[in-house]
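Undergrad: For reference, the structure I am asking about is given below.
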Amino acid sequence: MTPSELFKTAHRLTRSVVQSGENYRATFGMALRKAYLAAKAAVAPSVERIIAAGSVWAKAGRRRVYFNNLADFLGLEFTHCMGKVSFATFRGKKMETGMASAIFAGLKAAAIWFDLDTETWESRGLDEDYRNAIVAGIYAVA
């Protein structure tokens with residue numbers, strides 16, 4: 001990943017999480033670090049460690065490793081009350097509940113998996129930035 005692509009990714013991630021009145025520079029610094037770590041994680045952990053971090057699914061000759069709780073890999077924490085998000089944090093910083101609800105709904109409908117046959121990452125319902133951030137979070141755990 002070139003430095004230009006790295007900064008573009010960090011700016012997109014920052015714009016998606018920064019709230020009015022928050023320090024854009026500080027949030028951008030965290031996003032840049034996350035983007036850098038994602039780019040640095042190009043050297044993937046072993047397949048065995050990826051399998052240990054997820055759940056293996058096998059059917060009709062296909063083998064995949066699925067991952068639950070995608071919000072955990074992004075650094076998002078939610079508190080629910082009566083089916084709604086009542087409190088949310090992103091890497092320890094409080095975030096607006098409306099934005100958190102939208103992100104949570106999107107992640108709930110999304111899926112990400114590692115195909116063991118082709119050794120590639122695939123996803124459904126995620127844009128590229130979220131997908132890369134989740135993969136980086138999985139690599140950090142694996």
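Here the UniProt record's numbering is used: the first residue of the sequence shown is 1, the next is one more, and so on. For glycine and all other residues, C-beta sits at the position ideal for the given N, C-alpha and C. Treat the numbers as computed from the prediction; the structure is a model and nothing was measured.
(1) Roughly how many angstroms lie between the CA atoms of Phe67 and Ser20, to the nearest whole one?
(2) Excluding the five sequence neighbours on either side, which residues of its own chain have a C-beta within less than 6 Å of the C-beta of Ser86, listed in chain order?
(3) Can you give me the C-alpha to C-alpha distance between Leu107 and Ala100, rounded to a whole angstrom?
(4) Determine the burial state of Asn132: buried for a count of at least 16 other Cβ atoms within 10 Å of its Cβ, exposed for fewer.
(5) When you compare the CB positions of Ala26 and Thr9, do they come within less than 8 Å of one another, or not?
(6) With DSSP as the reference, please indicate the residues paired to His80 in a beta bridge.
(7) Would Thr14 be called buried (16 or more neighbouring beta carbons within 10 Å of its own) or exposed?
TA: Taking the geometry as given:
(1) Taking the sequence shown and counting its residues from 1, one reaches residue 67 at position 67. Taking the sequence shown and counting its residues from 1, one reaches residue 20 at position 20. Their backbone Cα atoms lie some 32 Å apart in a straight line.
(2) Position 86 of the sequence shown, counting from 1, holds the residue named residue 86. Hits under 6 Å: Thr79.
(3) The residue labelled residue 107 in the question sits at position 107 within the sequence shown. The residue labelled residue 100 in the question sits at position 100 within the sequence shown. Distance between the alpha carbons of Leu107 and Ala100 is about 10 Å.
(4) On the sequence shown, residue 132 is found 132 positions in, with the first residue counted as 1. Buried is the call here.
(5) As a working note, residue 26 is residue 26 in the sequence shown. As a working note, residue 9 is residue 9 in the sequence shown. Contact: no.
(6) As a working mapping, residue 80 is identified with position 80 in the sequence shown. DSSP output for His80 lists Val85 as bridge partner(s).
(7) Along the sequence shown, read from residue 1 onward, the residue named residue 14 stands at position 14. Classification of Thr14: buried, given that the 10 Å Cβ count is 16 or more.
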